[in-house]
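One structure below.
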Amino acid sequence: MATVTLTDGRNGKSYEFDILSPSVGPDVVDIRSFYQQTGMFTYDPGFTSTASCSSDITYINGEKGELRYRGYNIKDLATKRSYLDTCNLLLVGHLPSRTELTAFDLEIRKRSFVHEGLKNLFYSFPDNAHPMAMMSSAVSALSAFHYEHLNITTDTQYQVMARRILAKIPTLAALSYRRSLGIPFIYPDIERSFIENFLYMMRAYPSADTVIKDVEIKALDTIFTLHAEHEQNASTSTVRGVASTGAHPYAAMSAGINALWGRAHGGANESVIAQLEMIGSVDKVDEFIKKAKDANDDFRLMGFGHRVYKNFDPRAKILKQLLDELKDDLGINSELLEVAKKIEEVALTDEYFIERKLYPNIDFYSGLILTALKIPKSLFTIIFVIGRSVGWITQWIELKHDKEMKIARPRQRYTGPVNKKL
Ligand code: ACO
Numbered sequence: 004m005a006t007v008t009l010t011d012g013r014n015g016k017s018y019e020f021d022i023l024s025p026s027v028g029p030d031v032v033d034i035r036s037f038y039q040q041t042g043m044f045t046y047d048p049g050f051t052s053t054a055s056c057s058s059d060i061t062y063i064n065g066e067k068g069e070l071r072y073r074g075y076n077i078k079d080l081a082t083k084r085s086y087l088d089t090c091n092l093l094l095v096g097h098l099p100s101r102t103e104l105t106a107f108d109l110e111i112r113k114r115s116f117v118h119e120g121l122k123n124l125f126y127s128f129p130d131n132a133h134p135m136a137m138m139s140s141a142v143s144a145l146s147a148f149h150y151e152h153l154n155i156t157t158d159t160q161y162q163v164m165a166r167r168i169l170a171k172i173p174t175l176a177a178l179s180y181r182r183s184l185g186i187p188f189i190y191p192d193i194e195r196s197f198i199e200n201f202l203y204m205m206r207a208y209p210s211a212d213t214v215i216k217d218v219e220i221k222a223l224d225t226i227f228t229l230h231a232e233h234e235q236n237a238s239t240s241t242v243r244g245v246a247s248t249g250a251h252p253y254a255a256m257s258a259g260i261n262a263l264w265g266r267a268h269g270g271a272n273e274s275v276i277a278q279l280e281m282i283g284s285v286d287k288v289d290e291f292i293k294k295a296k297d298a299n300d301d302f303r304l305m306g307f308g309h310r311v312y313k314n315f316d317p318r319a320k321i322l323k324q325l326l327d328e329l330k331d332d333l334g335i336n337s338e339l340l341e342v343a344k345k346i347e348e349v350a351l352t353d354e355y356f357i358e359r360k361l362y363p364n365i366d367f368y369s370g371l372i373l374t375a376l377k378i379p380k381s382l383f384t385i386i387f388v389i390g391r392s393v394g395w396i397t398q399w400i401e402l403k404h405d406k407e408m409k410i411a412r413p414r415q416r417y418t419g420p421v422n423k424k425l
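In my numbering, the protein residues as written are 4 to 425.
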């Protein structure tokens, strides 16, 4: 086995560590015995150089702008297959046959109802509660309604648990939205497909016809597929961290939802539209670009930059193309679109952004499409939650199969006082 040798410059002592090879991507140095051998810790705030696990779900090459789920290119999945195909691929490991997809689809439809008691939780939230606060609470509460998933160990049990949460999350999302407006709750309609049913639960009123257009279903299907998985990002690492303690899977999902909420992560999609609205017109773009570049101003251009993608975000490219294709059919707000295009144009040619490799990320474009789907800003991160729920739960299952899994427990470099006396 190839090794790497570390020499301590203070005393000349050398230590050897194995190099582990992945199927593709950078090799990793196995430092599990690092502390035992050297008496030192490694230091890596934000885990920019640390692989926290082995995984065969998603591959990202940030330099090339490449993203693959179970080996399949994201563009192929987003343009040639449906979100439910992708869910099946992630959960089971292969793309479903027509028969498998029909069965999967039916199962998800049937499991979309939530316990009637869960509705009471929504009544107890204050008016104007943010849908993300309601959503994370509701998913956590689901662990009380399905406590039997706490100590599961078989593949069949994992799949039932996973399909149940996938099916119920859109229902909880719609309940969060309707509670925030104080409008009547709508039950799932299992005659409708996964995405159509979600839009129906959001928009419908009792005793009125609700028509969902195919172009709307296509747009949301693509958005969900692009958000479905993204290896060890902040929310997924949070899910894994909670899962590593043996907590209920839905408690881990709820923690992931809270991690996603932040502006630096999934919350960016809400902030992008708020920022585009604040900028308001093309002639103000330069002023805000200047603010974004000012080291003394904490203003950041929302929807720009990514920890891993340092060339382009492949998901953003696909969404940008979708935006162009559907802008007339969906009735995309042309003023906001003009502002967005101008920001993109200026930022992509500006030294500050080029030097720092800051490119539009997925959140830069998704809000414009979601606005056209009549989804309010406060629901944007919820849309991310629905798409990503399959990724989180797939990672949860993978962690449970991982023989090398340990409780997530990093160490620290202590810099506080020593031996203070009372
Ligand atoms: N606008 C202006 N400057 C930026 C931006 C931005 N959006 N993003 C990064 N920078 C600058 C930083 O100020 C820093 O500059 P410096 O080197 O002069 O100090 C440099 O670029 C590196 O930034 P970091 O914050 O160190 O990069 P990191 O990889 O830790 O952060 C992140 C990535 C959080 C996504 C960041 O780019 C950001 O805050 N972007 C805006 C929020 C956003 O769009 N988030 C969505 C991410 S995608 C997702 O989660 C689905």
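Note that CB positions come from ideal geometry on N, CA and C, so glycine has one too.
inquiry  = Our contact map puts GLN398 next to ILE60 with C-beta atoms below 8 Å; I'd like the distance itself, whole angstroms only.
reply    = With 8 Å as the limit, GLN398 and ILE60 qualify as a contact, their Cβ atoms being about 7 Å apart.
message = Going by DSSP in three states, SER17 sits in which element: helix, strand or coil?
response = SER17 carries a strand assignment under DSSP once its states are collapsed to helix, strand and coil.
inquiry  = Quick check: what's the CA-CA separation for ALA262 versus GLY15?
reply    = Note on geometry: alpha-carbon atoms of ALA262 and GLY15 lie some 43 Å from one another.
query = Can you give the Cα-Cα distance for GLU69 and PRO187, rounded to whole angstroms?
reply = One alpha carbon belongs to GLU69, the other to PRO187, and they sit about 43 Å apart.
query = How close, in whole Å, do the beta carbons of ASP405 and CYS90 come, if the pair is a contact with beta carbons under 8 Å?
reply = Approximately 21 Å separates the beta-carbon atoms of ASP405 and CYS90; this is outside 8 Å, ruling out the contact.
ask   = Going by beta carbon distance, what residues of the same chain come within less than 6 Å of ARG195, once the five residues before and after it are set aside?
value = Hits under 6 Å: TYR203.
task = Return the chain-ordered list of same chain residues with a C-beta closer than 8 Å to the C-beta of TRP395, the five sequence neighbours on each side being excluded.
result = For TRP395, where only same-chain residues beyond five positions count, the Cβ hits under 8 Å are SER238, THR239, VAL242, ALA255, MET256, GLY259.
message = Can you give me the C-alpha to C-alpha distance between PHE302 and ILE385, rounded to a whole angstrom?
response = Using only the alpha carbons, I get a separation of about 24 Å.
ask   = Rounded to whole angstroms, how far is the Cβ of LEU94 from the Cβ of GLN162, which I believe are closer than 8 Å?
value = Going by Cβ atoms, the distance from LEU94 to GLN162 rounds to 7 Å, so yes, they are a contact pair.
request  = Please go through the same chain and pick out, in chain order, the residues whose beta-carbon is closer than 6 Å to the beta-carbon of ALA170, but skip the five residues on each side of it.
outcome  = In chain order, ILE111, ARG114, SER115 place their CB closer than 6 Å to the CB of ALA170, counting only its own chain and leaving out the 5 sequence neighbours on each side.
ask   = With a CB to CB cut of under 7 Å and the five nearest residues on each side skipped, what residues in its chain are close to SER85?
value = Taken in chain order, the residues that qualify are ASP224.
key: LEU322 beta carbon less than 8 Å from that of TYR368   = When the beta-carbon positions are compared, TYR368 and LEU322 come within less than 8 Å of each other.
request  = Indicate, with yes or no, if the ligand ACO has a heavy atom lying under 7 Å from the CB of GLY49.
outcome  = Answer for GLY49: yes, Cβ within range of the ligand ACO.
inquiry  = In the DSSP output, what is ARG71 paired with across the bridge?
reply    = In the DSSP output, where bridge partners are listed per residue, ARG71 has TYR62, ASN76.
query = Alpha carbon to alpha carbon, what distance is there between ILE365 and ALA319?
reply = C-alpha separation (whole angstroms): 4 Å.
task = Using only alpha-carbon positions, find the residue among ILE226, THR82, GLU19 that is nearest to ILE389.
result = Of ILE226, THR82, GLU19, the residue nearest in Cα terms is ILE226.
task = Report yes if the C-beta of ASP366 is less than 7 Å from at least one heavy atom of the ligand ACO; otherwise report no.
result = Between the ligand ACO and ASP366, a heavy atom-to-CB distance of less than 7 Å is present.
query = SER210: which of ALA222, ASP332, ILE168, TYR190 sits nearest, CA to CA?
reply = Of the listed residues, the one whose Cα sits closest to SER210 is TYR190.
query = Under 8 Å between C-beta atoms, does PRO379 make it to chain D?
reply = The structure shown contains no chain D, having only a single protein chain.
ask   = So, is ILE22 buried or exposed, given that buried needs 16 or more other C-beta atoms within 10 angstroms?
value = ILE22 counts as exposed, since fewer than 16 other C-beta atoms from the protein chains shown sit within 10 angstroms of its C-beta.
task = Leaving aside the five residues before and after THR41 along the sequence, list all residues of the same chain whose C-beta is less than 6 Å from its C-beta, in chain order.
result = Around THR41: TYR18.
key: Inter-residue spacing [alpha-carbon to alpha-carbon] between PRO99 and PHE107   = Cα to Cα, the separation comes out at about 9 Å.
request  = Kindly indicate which three-state DSSP category VAL95 falls into: helix, strand or coil?
outcome  = In the displayed model, VAL95 falls within a helix according to three-state DSSP.
request  = Jot down the residue ranges of each uninterrupted beta strand (DSSP E) in the stretch 243-295, minimum 3 residues, whole runs only, in chain order.
outcome  = Runs of the beta strand (DSSP E) inside the stretch 243-295: none found.
query = Mapping DSSP to helix, strand and coil, what is VAL311?
reply = In the structure shown, VAL311 sits in coil (DSSP, three-state: anything other than H, G, I, E or B).
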